[in-house]
Structures are given as C-alpha cells and as structure tokens.
Amino acid sequence: MTGVGGSGGTRIATEKAFAKRRFPIRRANIGDIRQIAKLANMAGGDTLSFILRGIDPSVRAVRTYREMVAAPTGVYSYRNCLVAVSRGVIVGLANAFPAQLIESETADAALTAREELLRPRTELNDPTSFLLNNIAVVRSHHRLGVGAALLAAVVDEAKQRSFPSVTLHVWADNAEAISFYLAAGFTKVRHAEIPSHPDLPHTGGSLLMMLPVVSERDESVRQRLATESQESADERASTSA
C-alpha cells in the first residue's frame with residue numbers, strides 16, 4: 001500500500017485542514033433527514049434506482065433514502081452520517097460505518113434478481129475495515145474542499161475507533177471519483193466484474209479502494225518510541241563528547 005507522500009501529501013493535508021475549518025463537520029441528527037436523502041440520492045441514486053425498478057418502477061429512490069436515513073439502525077441511518085455545514089446549511093454528506101454491518105444486514109435477506117447481479121460488488125467488502133459508503137457535495141460547493149473535509153473526518157473516526165483501514169466502493173467508469181481517492185492516498189485493491197444490464201448506467205465493473213490508517217493509540221505509541229529513540233541518541237552523543 002502506498003499513500004500520498006512528499007510535497008503532494010503535505011499540500012493535500014493542508015487543504016483538508018483548511019476545508020475542515022471553513023466547512024465544519026458534525027454528526028447528523030434526525031432533523032437532517034431530507035437533506036441527507038437528497039445528497040445520498042446524488043451519490044448513489046442511480047444504483048438504488050436500478051434495484052427499485054426491478055421491484056416497483058413507481059418508487060422513487062429519494063423517497064426510499066428518506067425511509068432508510070430516518071431509521072435508528074441500518075447502514076444508511078442518520079446515525080452513520082456526517083454532514084458539512086456552511087452558514088447553517090448542509091452542503092455535504094459522508095455515510096460511513098463498520099463494513100461488517102453490510103454482512104449482518106444481508107446475511108439472511110432474500111435478494112432480488114438485480115441485487116443478485118450486483119452481489120459481486122458487495123462481496124469485495126473487507127469486514128475488518130471502516131466503510132465509506134458515499135460522499136456527496138451540493139453542486140454549488142464543488143471544488144471548494146468540502147469532499148476533502150468530509151473524507152478527513154471519516155478517516156479521523158476510523159482512527160478513533162481503531163479500524164486498520166478505510167475502504168470504499170467505486171464504479172470503475174467513475175474516473176473523477178477514482179482520481180479524487182487516489183490523490184487522497186487510497187489504492188485499488190480489488191475488482192469485481194458486474195454483468196451488463198440495459199438499466200445499469202455503469203460499465204467496467206466495480207473497484208474496492210483502501211486507505212490504511214493508524215489508530216490514535218498506535219500513533220501515540222509511535223511518537224513515544226520516536227521520542228525515546230531520540231533521547232537515547234542524544235544521550236549517546238553527549239557521552240561520546
């Protein structure tokens with residue numbers, strides 16, 4: 001695994017820190033449901049719509065998102081969402097949770113034909129990771145660092161909860177998203193072939209991308225060992241003198 005290093009890594013880290021100050025990130029609450037549903041639909045509505053058309057073509061994806069977001073449990077629950085705020089208005093969303101939640105929710109579920117077609121994508125999951133399900137930013141705030149701030153907040157949460165990595169799924173034909181995550185230090189680790197379907201607006205399959213993270217405890221230990229090593233080196237240098 002390789003992350004973004006050198007001056008490029010420093011620049012990205014600086015941009016994230018600036019964006020987090022400019023666009024405060026907070027945990028979502030029950031009053032955010034409608035805004036979250038709209039943003040979730042922006043991020044993944046095409047995939048959910050594909051599934052819903054195989055069940056009931058009259059059901060709108062955004063309505064289904066509202067129901068899922070309003071639930072106190074489940075992967076899409078508002079409790080698993082972070083929002084970016086600008087002047088009191090939600091301008092971005094990140095939905096993230098332990099990846100094993102997907103397995104626990106689908107273990108005994110009967111899949112529809114379209115869900116079965118997408119199953120290879122789900123099977124890419126690393127159950128030990130913290131899964132970034134989606135990031136979405138309102139169009140008026142694109143390229144202002146909102147996505148970077150949300151991503152940094154998700155990585156921080158993964159560190160605090162001692163997950164070894166953050167993972168995410170991205171369609172292989174979504175070049176812009178792939179470029180964004182590669183620049184943030186993610187690498188492509190797995191690929192799933194997804195059979196083509198006239199109602200599925202994606203080709204080339206799906207990728208699992210991963211970013212290794214260091215927990216706060218491990219980082220504290222690393223810093224302590226580095227300090228002790230430096231003190232020992234200073235002591236040896238003083239003795240030699």
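Residues 1 to 241 (the UniProt record's numbering) make up the sequence shown, in order.
We put the CB at the ideal spot given by N, CA and C, even for glycine.
Query	Result
Three-state secondary structure (DSSP) of Ser58	coil
Host alpha helix (DSSP H) of Ile135 (start-end)	Counting along the chain, Ile135 falls outside any alpha helix (DSSP H), though it belongs to the beta strand (DSSP E) covering Phe130 to Val137.
Spatial neighbours of Thr2 in its chain, beta-carbon cut-off 7 Å, leaving aside the 5 residues before and after	Residue confidence is low: Thr2 scores 28 on pLDDT, short of 50, so the model does not pin down where it sits. Its coordinate-derived value is still stated next. Correct list, in chain order: Thr187.
Inter-stretch contact (C-beta, 8 Å, three-pair minimum) for the segment 125-134 and the segment 95-114	yes
Continuous beta strand (DSSP E) stretch holding Ile25: start and end	Ile25 to Arg27
Beta carbon of Ile33 nearer than 8 Å to that of Val69	yes
Same chain, Cβ closer than 7 Å to Ala28, five either side skipped, listed in chain order	Ile36, Tyr78, Cys81, Leu82 and Val83
Ordered list of beta strand (DSSP E) runs contained in the segment 31-88, each at least 3 residues	81-86
Separation of Pro24 from Gly88, as counted between CA atoms	10 Å
Pairwise C-alpha distance: Ala149 and Val85	11 Å
Exposed unless 16 or more other CB atoms sit within 10 angstroms - verdict on His142	exposed
As assigned by DSSP and simplified to three states, the class of Gly204	coil
CA nearest to the CA of Leu200, picked from Arg22, Arg53 and Arg21	Arg53
Separation of Asn133 from Gly5, as counted between CA atoms	Annotation note: pLDDT 37 at Gly5 (below 50); position unreliable, no value reported.
Beta-carbon gap between residue 242 and Ala40 smaller than 8 Å	For residue 242 there is no data in the structure shown, the boundaries of the chain being 1 and 241.
Cβ-based neighbour list, Phe50, same chain, cut-off 7 Å, excluding 5 preceding and 5 following	Arg114, Asp199 and Leu200
For Ala96, three-class secondary structure by DSSP	strand
Backbone secondary structure at Thr112 - three-state DSSP	coil
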